[in-house]
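A quick write-up on the structure given underneath.
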Amino acid sequence: MQHIINILVENKFGVLSRVSGLFSGRGFNIETISVGPTLDPSMSQMTIITMGDERIIEQIIKQLNKLIDVIKVVDLSEKDYIVRETALIKIHTSRPEDRGEALRITEIFRARVVDSTPATYTIEITGDENKIDAIINLLRPLGIKDIVRTGKIAIAREEMKAVALQEAKKIRA
1 MQHIINILVE NKFGVLSRVS GLFSGRGFNI ETISVGPTLD PSMSQMTIIT MGDERIIEQI
61 IKQLNKLIDV IKVVDLSEKD YIVRETALIK IHTSRPEDRG EALRITEIFR ARVVDSTPAT
121 YTIEITGDEN KIDAIINLLR PLGIKDIVRT GKIAIAREEM KAVALQEAKK IRA
């Protein structure tokens with residue numbers, strides 16, 4: 001089963017290497033990994049997608065928590081979450097009918113053209129894995145020249161009870 005693990009770490013050199021080394025040293029594969037800064041510049045957020053049963057994921061989480069620079073580890077697969085990835089797709093558009101078709105597909109998927117030359121469009125799309133795969137499949141007949149995809153990023157959804165409780169407190173105040 002696929003698991004999405006969010007790891008809050010100190011923003012120091014070598015942390016990414018230690019985290020990825022933990023996975024490879026124990027024979028676990030990382031499907032995707034994304035790392036970026038948080039609101040606090042001294043910390044970074046890692047999103048790692050990996051496969052494994054509950055026992056393996058539990059072992060991974062315990063090992064991650066033992067790393068000195070790791071602040072918090074959360075398996076989002078146990079929560080309600082939002083996941084996205086981004087892709088840049090460069091397609092051949094030397095014929096006018098290809099340019100028109102590429103623009104129609106881009107509009108349908110709420111993507112956007114971020115670069116244009118007489119022979120190519122570069123399209124940016126953000127969404128879940130199925131949306132990215134779907135636009136790629138529709139653009140493939142036009143001639144895809146290059147694709148670059150980010151790893152998935154994910155964030156837990158706020159529980160509705162907590163949100164409703166905060167709103168009630170604001171009304172009373």
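Numbering (this note's numbering), first residue to last: 1 to 173. Beta carbons are placed, not taken as given, at the ideal position from N, Cα and C, and that holds for glycine.
As for any beta strand (DSSP E) of minimum length 3 sitting wholly inside the segment 49–114, the runs are 70–75 and 81–92, ordered along the chain.
Distance between residue 87 and residue 20, taken at the CA atoms: about 23 Å. Judged by pairs of C-beta atoms under 8 Å, the segment 112–121 does not touch the segment 68–86, as fewer than three such pairs exist. Residue 22 places its beta carbon less than 8 Å from that of residue 63.
If you ignore the 5 residues before and after residue 119, its C-beta comes within less than 8 Å of the C-beta of 92, 93 and 94, all in its own chain and listed in chain order.
For residue 42, same chain residues with a beta-carbon under 7 Å away, outside a window of 5 residues either side, are 10 and 11 in chain order. With fewer than 16 other Cβ atoms inside 10 Å of its own Cβ, residue 24 counts as exposed.
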